[in-house]
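>
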Amino acid sequence: MTKGFLIAGTNSGVGKTTSSMGLMAALKKRGQTVQAFKVGPDYIDPSYHTAICGRESLNLDTYMMGTDGVLDTYLRASQGSDLSIVEGVMGLYDGMDSTEISGAAHVAKTLDVPVFLVINVHGMSRSTAAMLKGYAEYDKNVKIAGVILNKVGSPRHLELIRGALDGKIPIVGALPRNVNIAVPERYMGLHMPDESDFDFSELADFVEQNMDIDLILKIAAEYEKKYPEPAPPLKHDVDVKIGVAQDKAFCFYYPAMLDALKKAGAELVFFSPTKGELPEADGYYFGSGYPEFCIQELSDSPTTKKLKNLAAAGVPMFGEGAGLSYLCKSYTTDDGKFKMADILPAESEITKKLQGLGYVEAQPLSPAPPFGNKNIKAHEFHYSLTTPEKDSKFAYEMLRGKGIFEKKDGLFEYSVMAGYMQMHPGSFPVGDFVEKCRVNKRK
C-alpha cells in the first residue's frame, strides 16, 4: 500500500514550498519516514527536500518522463516510506503551454493522489470560498481533499473565511503571516541548502502549530492505495568509471540521471574541478551550477588545464549548462574573461538577462552526435550566452526551445558534447554515454 498526497498552490508565490517543506520537517520530527518529490524540472527544491527528509527527493515530470515514467518513479521511491509528499509547481492547473502536461494536476491524476491546495488569503475573506470552489470544480478528476490558508491576518480573519466556506473541503492549515520563514532566492531559484542557515526545526514547529497534521494524515490514509508492483530495474555489471564534477560550480544534477548512470554499469567518482581534483576515469560528466562565483579558482585549476589533452585522446565528456561554459574556450563574467578547458570551439559569458527558459525538444543532426542519437525532451534555464566559432558541430536541431545558437544545441568535438539542455533519463539515452565510456576503456 502507498500513501501520499500533493501540495499545490493557486499560483506561484502563495506558500506552496513553505507548506511542503514545513510539513516534511514536522513529520520527520514526529519520527515519520517521508519520501519527497517535486513536480517539474526544478533542481533546488528537491535538494531542500533531501536535506529535510534524509531521502533523495525526485522530480516527477510528465513531459520529460511520460506518465508511465512518473508513476514508476513514484512507486519505486516510495517503497520503505510512511508517507510520500509531492510538491507541485506554479498553479495547480498550469502546465506546458496551455495544456495540463507537466503540471501539478496532471501528476496528481497520474498518481491518483489527493491534493491539498494552498491559497494566499491576504486581503480577502469570502472570495476564498469562490476561489476554492472554482479550483475544486474545474477538473473533477483532481481530488482536492483539503485547503491550507496562508497569510491569515488574525483569528477574526480566519473565522470570516471559515464562515464563507461550505465545509465540504476542510481547512487543514491556517498559516499566519511570518516573514522569518521565507527562504531567500537567487537568480536561478532558491539558495542551495548548504548556502543557507535556514532553520528547518523552526519551520517544523511553525507548521506543527498551524496545521492540523493529524487530520492531514487521516485524509491521506483514506486515499491509501495499492498499486501494481513495479518491475525490477534492469542493472548492468559495474565495468566503467565516470567522474562526476561536484562542487559549487557544478551542483545541479537530477538524482535520476546519476542513478541511471549507475544502473547502466557506471561507478560514479565525484570530484571538485575548483579544488584541482581529477580522478582517473573512463569519462566525465559536468553538470550545471554557478561557475561565475568561483571563476578564478576554476580557471587556475590544474583540472581545467588537463582536460583538453584527455578530450583529444578520445575520453568522452558530457556537459550541461555550466558544464557547457566550462568546456568552452573562455567564460566572461563581471570580473573579466577567464580561460576554460578550451575543448569546444566557443566562448561563453554570463549575462544579467535570462537567455533561455522552458521545455525543449530536439532531434539529432547529421553527422550523428557522439552519443544520445535520438529525439530528446529536456529543459533549459540559463543566464549565460555561448557564441560558437564558424563551422562548429552541433548534435541537435531544436524543435522547441532556444538551444545554444540558431536553434541548435549539443556542441561537440572529439567525444565531448555539451549544451544548454538539462537532460533527464526519462528521455535521454544515458546508456549511450556509458557505452561510449566503455568503448574508451577498451582502447
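Under full-length UniProt numbering, the first residue of the sequence shown carries the number 1, and numbering increases by one thereafter. The C-beta atom is built at its ideal place from N, Cα and C for all residues, glycine as well.
Hey, quick one: how far does the beta strand (DSSP E) through residue 172 stretch, first residue to last?
For the purposes of this step, residue 172 is taken as residue 172 along the sequence shown, with counting starting at 1. 171-176 is the extent of the beta strand (DSSP E) around residue 172.
> Could you give the distance in angstroms between the alpha-carbon of residue 134 and the alpha-carbon of residue 169?
Walking along the sequence shown from the start, residue 134 turns up at place 134. Walking along the sequence shown from the start, residue 169 turns up at place 169. Between the alpha carbons of residue 134 and residue 169 lies a distance of about 12 Å.
> According to the neighbour-count rule (16 or more other Cβ atoms, all chains shown, within 10 Å of its Cβ), is residue 138 buried or exposed?
As a first step, residue 138 is located in the sequence shown; it is residue number 138 there, counting from the start. Residue 138 comes out exposed.
> Which of helix, strand or coil does DSSP assign to residue 338?
For this step, residue 338 is matched to residue 338 along the sequence shown. It is a strand residue.
> Kindly list the residues whose CB is nearer than 8 Å to the CB of residue 13, restricted to its own chain and excluding five residues on each side of it in sequence; keep chain order.
Residue mapping note: residue 13 aligns to position 13 of the sequence shown, counting from 1. These residues qualify, in order along the chain: 120.
> Residue 235 to residue 268, Cα distance in whole Å?
Within the sequence shown, numbered from 1, the residue matching residue 235 stands at position 235. Within the sequence shown, numbered from 1, the residue matching residue 268 stands at position 268. The alpha-carbon atoms of residue 235 and residue 268 are separated by roughly 15 Å.
> What does residue 330 pair with, by DSSP beta-bridge criteria?
The sequence position of residue 330 within the sequence shown is 330, counting from 1. Looking at the DSSP output, residue 330 sits in a beta bridge with 339 and 347.
> Is the beta carbon of residue 9 closer than 7 Å to that of residue 84?
Translated into the one-based positions of the sequence shown, residue 84 becomes position 84. Translated into the one-based positions of the sequence shown, residue 9 becomes position 9. It is not a contact, given that the beta carbons lie outside the stated cut-off.
> Please determine, among 109, 366 and 348, the residue with the shortest C-alpha to C-alpha distance to residue 384.
Locating residue 384 in the sequence shown gives position 384, where the first residue counts as 1. Checking every option, the nearest Cα to that of residue 384 belongs to 348.
> DSSP state of residue 119, grouped into three classes?
Position 119 of the sequence shown, counting from 1, holds the residue named residue 119. Of the three classes helix, strand and coil, the one that applies to residue 119 here is strand, per DSSP.
> If you measure between the beta carbons of residue 422 and residue 320, is that distance less than 7 Å?
Within the sequence shown, numbered from 1, the residue matching residue 422 stands at position 422. Within the sequence shown, numbered from 1, the residue matching residue 320 stands at position 320. Yes, they are a contact pair.
> Give a yes or no on whether 7 Å exceeds the smallest Cβ distance from residue 308 to chain D.
Any reference to chain D falls outside this structure, which holds one protein chain only.
> In terms of residues, what are the limits of the alpha helix (DSSP H) holding residue 88?
Numbered from its first residue, the sequence shown carries residue 88 at position 88. Taken as a continuous stretch (DSSP letters only), residue 88 belongs to no alpha helix (DSSP H), being part of the beta strand (DSSP E) at 83-91.
> Quick check on DSSP: helix, strand or coil for residue 358?
Taking the first residue of the sequence shown as position 1, residue 358 is located at position 358. Residue 358: strand per DSSP, three-state reduction.
> Compute the Euclidean distance between the alpha carbons of residue 2 and residue 113, then round it to the nearest angstrom.
Taking the sequence shown and counting its residues from 1, the one referred to as residue 2 is at position 2. Taking the sequence shown and counting its residues from 1, the one referred to as residue 113 is at position 113. In a straight line, the C-alpha of residue 2 is about 10 Å away from that of residue 113.
> If I follow the unbroken alpha helix (DSSP H) through residue 64, where does it start and stop?
As a working mapping, residue 64 is identified with position 64 in the sequence shown. From DSSP, the alpha helix (DSSP H) with residue 64 extends over 62-78.
> Between the alpha carbons of residue 69 and residue 233, how many angstroms are there, rounded?
The residue labelled residue 69 in the question sits at position 69 within the sequence shown. The residue labelled residue 233 in the question sits at position 233 within the sequence shown. Each residue's Cα considered, the two are about 12 Å apart.
> Expressed to the nearest angstrom, what Euclidean distance is found between the alpha-carbon atoms of residue 328 and residue 377?
Numbered from 1 along the sequence shown, position 328 holds the residue referred to as residue 328. Numbered from 1 along the sequence shown, position 377 holds the residue referred to as residue 377. As the crow flies, the alpha-carbon of residue 328 is around 24 Å from that of residue 377.
> I'd like to check one pair, residue 243 with residue 287: are the Cβ atoms closer than 7 Å?
Here residue 287 refers to the residue found at position 287 when the sequence shown is read from its first residue. Here residue 243 refers to the residue found at position 243 when the sequence shown is read from its first residue. No, the Cβ-Cβ distance between residue 287 and residue 243 is not below 7 Å.
> Residue 128 to residue 203, Cα distance in whole Å?
The sequence position of residue 128 within the sequence shown is 128, counting from 1. The sequence position of residue 203 within the sequence shown is 203, counting from 1. Each residue's Cα considered, the two are about 25 Å apart.
> Quick check: what's the CA-CA separation for residue 263 versus residue 334?
Sequence index remark: in the sequence shown, residue 263 carries index 263 (1-based). Sequence index remark: in the sequence shown, residue 334 carries index 334 (1-based). Taking the straight line from one Cα to the other gives about 41 Å.
> Mapping DSSP to helix, strand and coil, what is residue 441?
Start at 1 with the first residue of the sequence shown, and residue 441 comes out as number 441. The three-state reading of DSSP puts residue 441 in helix, counting H, G and I together.
> Return helix, strand or coil for residue 381, following the three-state DSSP convention.
Position 381 of the sequence shown, counted from the first residue, corresponds to residue 381. In the structure shown, residue 381 sits in a strand (DSSP, three-state: E or B).
> Specify the secondary structure class of residue 17 as computed by DSSP and reduced to three states.
Numbered from its first residue, the sequence shown carries residue 17 at position 17. DSSP places residue 17 in helix when its eight states are reduced to three.
> Identify, in the order they occur along the chain, each residue of the same chain with its Cβ nearer than 6 Å to the Cβ of residue 220, setting aside the five sequence neighbours on each side.
Sequence index remark: in the sequence shown, residue 220 carries index 220 (1-based). The beta carbon of residue 220 is closer than 6 Å to those of 3 and 5 in its chain, skipping five residues each way along the sequence.
> Name the two residues that bound the continuous beta strand (DSSP E) containing residue 413.
The residue labelled residue 413 in the question sits at position 413 within the sequence shown. Run containing residue 413: 408-413, per the beta strand (DSSP E) assignment.
> What does the alpha-carbon distance come out to for the pair residue 99 and residue 401?
Position 99 of the sequence shown, counted from the start, is the residue given in the question as residue 99. Position 401 of the sequence shown, counted from the start, is the residue given in the question as residue 401. Those two C-alpha atoms are separated by around 17 Å.
> Output the distance between the C-alpha atoms of residue 302 and residue 273, rounded to the nearest integer angstrom.
Here residue 302 refers to the residue found at position 302 when the sequence shown is read from its first residue. Here residue 273 refers to the residue found at position 273 when the sequence shown is read from its first residue. Approximately 8 Å between the Cα atoms of the pair.
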